[in-house]
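Structure first, then comments.
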Amino acid sequence: MWTISSHLAADLAGPGPDAVEAYAELWQGGVRVATAEVVEGQVTDDASAAVRRSCSLTLLPLDALTPETEIVGEDRRFGDGLFGEGVFGDYRRRQMQGLLMPLLTEVRVYWRARLSGTDTWETVPLGRFLVDSPGFSGDPGDPALRVSGFDAASAIAAAAWDTPFVVPAGQNLKTALTRILTNRLPGVATSIPTTTVALPQLVYTPGYQDSTGDPWEDACALAALAGWDLWVNRQGVVCAGVPADPLTGVPVIELADAGTLIRATRTPTAADLVNTVVVYGEASGEEPVVAVVRDEHGPYGTETIGRVIAREHRSSAVTTYADAYNLGIALLREWSAVTDAVSLEAFPVPHLDAGDLAAVTSDMLDMTAEVYRVERVVTSLTPGSLASQVDLVRRIG
């Protein structure tokens, strides 16, 4: 969760700020090259997605982009031509299009509000995204510039293994993760906890059995050995950490009928229910190990409901039966319950992140400060339709 002032928090929970707007900065090579007003769009933070943060924006037309004065006059190449001839009027349209180059241009999105009763603006960053597919509209009636983008995980995933990458036996998990991430995306910032977990030898190379061919997926699989999720935060930093537990954690925000909550639905479901976990250890050069962990007599155990509901988990870092069995117990504890999901529409919560804990109080749903983990939050950037969409989950039973 992004830290906001008490004044902004009160505005969001009450009458609202005096004004709200969104803007985007375009960056290339570590240099801010232009600023653009966001006309409409949204930013999505989804903990269940392979690439967690994404954006879909409509900006003002090319002619309305504001280049940064410090780069005017510099001999910088964007797209198919040089620009920076000393005055803004010399920027040709095709050169401005070159400011939005897929996979090379970074869009940094910001939401800001004027605090009620003041002339002070407070800014909340919503994320840093690599441009995926810019769209330049030539319609005189709709001369918009549309941009979609994804966070740094997309660049790491796209940098498929092209030469062998070796994790030596005994290397610390934190070291291995940092090496993989910075090898695939040089210069990326990381925030990974200290751990005593040591890895067996792993080799990542195209087509090899220990590699998916997707370095981001490989890194996420390693992080899971320590019980960590891997994600990119608002500042573009790759983070690892244990997901918050709604049963024991403290919520960072309350969403309630009287104030922030507009409408909500609640859906308990057994779609992901598991009572048996099969763990396969597939370390290179070792005899495969298999552990079966089963819940027999719990609320959804095999004897209780009369059938087996199984899920497999494979890991090349598991080398012993004890490792496989312990991992199976942890996974069974996580999966052996009904999922209780709440979807709601709330007043703007641009500071809320997927993974945060939120308390939901709703007379409509007969809920009183019940704690859930935020699975997905969509921040609207469209004036007149600024409500946030929030999906929350927890396990019950």
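So the sequence shown is numbered by my numbering: it starts at 5 and just counts up by one. Just so it is clear, CB atoms sit at the ideal spot from N, CA and C, and this is done for glycine as well.
*For the stretch 239 to 319, which segments carrying the alpha helix (DSSP H) assignment without a break, of at least 4 residues, lie completely within its bounds, in sequence order?*
The qualifying runs are 306 to 309.
*Using a Cβ-Cβ cut-off of 7 Å (strictly less than) and excluding sequence neighbours within five positions of residue 172, which residues of its own chain qualify?*
If we look at residue 172 and ignore the five residues flanking it on each side, its Cβ neighbours are 205.
*Just checking, does the stretch 183 to 191 make contact with the stretch 163 to 171 on the three C-beta pairs under 8 Å criterion?*
Touching, per the Cβ criterion.
*Who are the Cβ neighbours of residue 382 in its own chain at under 6 Å, not counting the five residues just before and after it?*
Taking residue 382 as the centre and dropping the five residues before and after it, the same chain places the C-beta of 46, 48, 393 closer than 6 Å to its C-beta, in chain order.
*Quick one, are the C-beta atoms of residue 385 and residue 128 less than 8 Å apart?*
For the 8 Å CB-CB criterion, residue 385 and residue 128 do not form a contact.
*Which whole-angstrom value describes the C-beta separation of residue 341 and residue 400, a residue pair presumed to lie in contact below a C-beta threshold of 8 Å?*
Sure, about 6 Å apart at Cβ, within 8 Å.
*asked:* Rounded to whole angstroms, what is the Cα-Cα separation between residue 95 and residue 118?
replied: For residue 95, the pLDDT reaches just 47, beneath the cut-off of 50, and the residue's location in the model is therefore unreliable, although a value from the coordinates is still provided. It is roughly 33 Å from the alpha-carbon of residue 95 to the alpha-carbon of residue 118.
*For residue 220, which residues from the same chain have a beta carbon less than 6 Å from its beta carbon, with the 5 sequence-adjacent residues on both sides left out?*
Exclusion of the five residues before and after residue 220 leaves 157, 160, 161 as the residues of its chain whose Cβ lies within less than 6 Å of its Cβ.
*asked:* Measuring only the C-alpha atoms, how far is residue 29 from residue 56?
replied: Roughly 20 Å separates the two Cα atoms.
*Could you check what DSSP says for residue 220 in three-state terms: helix, strand or coil?*
Note: residue 220 maps to helix in three-state DSSP.
*Three-way DSSP call (helix, strand, coil) for residue 187 in this model*: Residue 187 carries a helical assignment under DSSP once its states are collapsed to helix, strand and coil.
_Unbroken beta strand (DSSP E) run spanning residue 363, endpoints_ = Start and end: 361 to 366.
*asked:* Going by DSSP, what residue range makes up the alpha helix (DSSP H) through residue 339?
replied: Counting along the chain, the alpha helix (DSSP H) containing residue 339 begins and ends at 325 to 339.
*asked:* Could you check whether the stretch 242 to 258 touches the stretch 291 to 299, counting it as contact only if at least three pairs of C-beta atoms, one from each stretch, sit closer than 8 Å?
replied: No, because fewer than three Cβ pairs between the stretch 242 to 258 and the stretch 291 to 299 fall closer than 8 Å, the two stretches do not touch.
*Counting pairs of beta carbons, one from the stretch 305 to 314 and one from the stretch 341 to 352, are three or more of them closer than 8 Å?*
In the pairwise beta carbon analysis, the stretch 305 to 314 is classified as not touching the stretch 341 to 352: fewer than three pairs are separated by under 8 Å.
_Coil, strand or helix - residue 181 by DSSP_ = Residue 181: helix per DSSP, three-state reduction.
*Cα-Cα separation between residue 322 and residue 201, rounded to whole angstroms*: A straight-line Cα-Cα distance of about 11 Å links residue 322 and residue 201.
*Counting only the same chain and skipping the five closest in sequence on each side, list residues whose C-beta sits under 6 Å from that of residue 373.*
Residues of the same chain with a CB within less than 6 Å of the CB of residue 373, apart from the 5 flanking positions on each side, are 363, 365 in chain order.
*Nearest to residue 360 by alpha carbon, out of 233, 339, 368?*
Comparing Cα-Cα distances from residue 360 to each of 233, 339, 368, the minimum goes to 233.
*Leaving out the 5 sequence neighbours to the left and right, which residues in its chain are closer than 8 Å to residue 209 when beta-carbon positions are compared?*
Around residue 209, the same chain offers 165, 167, 168, 169, 215 as residues with beta carbons nearer than 8 Å, after the five sequence neighbours per side are excluded.
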